[in-house]
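Okay, so here's the structure we're looking at.
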Amino acid sequence: PHWKEDIRVCVAGGADTIRIAKTETAQDVHTVEEHVLAAEREFGRPEGSTLLMAALESCKGVLNALEVCKSSDRLIGIALSGGDYTKDLQTVITGTGVELQGARQQMIIAARAAGVQCWDTVFTNLDAMDVFEEEVRMIKMMGFDGKSLVNPRQIDVVHRVFTPTQKEIIFAEKVVKEIDEKKAQGIGVFTVDGKMIDIAFYDGAKRTIALAKASGVYEGDL
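Numbered per this note's numbering, the sequence shown spans residues 6 to 227.
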């Protein structure tokens, strides 16, 4: 009931991003956005400077993932909230994640189609850090950009898993340089370290390098 005042406090304090709970439609985002804009004007913040993240916590929200992703230029991404979602699905959290896989797939596809980010749900068993790491590795392979966390102990695990290894960085550098060189020569397909490469690999290699830079582990010249 206090969400409007919460928005004012967040904007006044200079929050970078506001996470919208229980988002189900684009209109939910628009409603919050209107109040964010009003607060920016009230407190002299640059208009558009407060970004939004939408938490999808219901079957309806997951089904509307694409429209939510496209709802606002402020929206940087969506996040799955597994607890309320499984309740709405009329099942329980199993520990294996099988009950979340459909939502995960639908959300990551919607996010990629709309060009925004996608974060996985929290992992609440703090006594099972090995299982937590397995889940983080799985959602990384699915294409997620990160994971919502409930405890500071989980931060290092996520950073470690999502930070590119030196082997991945070196390979990405080779791919980018080779594609740039071969493109100038009119060559479309070639090999790098024995793997067939074409232009489809370029964006992924650039993302690896960008992530390495953001993680503070890149020492190359690209």
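Note that the Cβ used here is the ideal one computed from N, Cα and C, for glycine as well.
No experiment lies behind these values; they were computed from the predicted model shown.
Practice problem: Return no unless some Cβ of chain C is closer than 8 Å to the Cβ of R109. | Solution: Looking at the structure shown, chain C is missing, and only one protein chain is on hand.
Quiz item: Helix, strand or coil: how does DSSP classify A60 here?
Solution: As a working note, residue 60 is residue 55 in the sequence shown. Shown here, A60 sits in a strand according to DSSP, grouped into three states.
Quiz item: Does the Cβ of M112 have 16 or more other Cβ atoms within 10 Å, making it buried, or fewer, making it exposed?
Solution: Position 107 of the sequence shown, counted from the start, is the residue given in the question as residue 112. That one is buried.
Quiz item: Under the rule that 16 or more other beta-carbon atoms within 10 Å means buried, what is K9, buried or exposed?
Solution: Here residue 9 is taken as the residue at index 4 of the sequence shown, counted from 1. Under this definition K9 is an exposed residue.
Quiz item: Can the beta-carbon of A59 be found less than 8 Å from the beta-carbon of I114?
Solution: Looking up residue 59 in the sequence shown gives position 54. Looking up residue 114 in the sequence shown gives position 109. 8 Å or more divides the Cβ of A59 from the Cβ of I114.
Quiz item: If we call anything under 8 Å between Cβ atoms a contact, is L56 one with T22?
Solution: Position 51 of the sequence shown, counting from 1, holds the residue named residue 56. Position 17 of the sequence shown, counting from 1, holds the residue named residue 22. Closer than 8 Å, so yes.
Quiz item: Alpha carbon to alpha carbon, how far is R117 from C15?
Solution: Here the question's residue 117 lines up with position 112 in the sequence shown. Here the question's residue 15 lines up with position 10 in the sequence shown. Rounded to whole angstroms, R117 to C15 spans 28 Å at the Cα level.
Quiz item: What is the DSSP secondary structure of L227, reduced to helix, strand or coil?
Solution: On the sequence shown, residue 227 is found 222 positions in, with the first residue counted as 1. It is coil, neither helix nor strand.
Self-check item: Delimiting residues of the beta strand (DSSP E) encompassing G82
Solution: Start at 1 with the first residue of the sequence shown, and residue 82 comes out as number 77. 80-85 is the extent of the beta strand (DSSP E) around G82.
Practice problem: Give a yes or no on whether the C-beta atoms belonging to E178 and L227 are separated by under 8 Å. | Solution: Walking along the sequence shown from the start, residue 178 turns up at place 173. Walking along the sequence shown from the start, residue 227 turns up at place 222. Yes, these two residues count as a Cβ contact at 8 Å.
Quiz item: Roughly how many angstroms separate the alpha carbons of A215 and K145, rounded to a whole number?
Solution: Locating residue 215 in the sequence shown gives position 210, counting from the first residue. Locating residue 145 in the sequence shown gives position 140, counting from the first residue. C-alpha separation (whole angstroms): 16 Å.
Quiz item: Given 8 Å as the limit, is there contact between the region 146-159 and the region 204-212, that is, 3 or more CB pairs closer than that?
Solution: No: fewer than three Cβ pairs fall under 8 Å.
Practice problem: Could you please give the first and the last residue of the uninterrupted alpha helix (DSSP H) stretch that includes F206? | Solution: The count along the sequence shown starts at 1 and reaches residue 206 at position 201. If you look at F206, you'll find it isn't in any alpha helix (DSSP H); DSSP assigns it neither H nor E.
Exercise. Give me whichever residues DSSP pairs with Q122 in a beta bridge.
Key: By one-based count along the sequence shown, residue 122 stands at place 117. Paired residues: G82.
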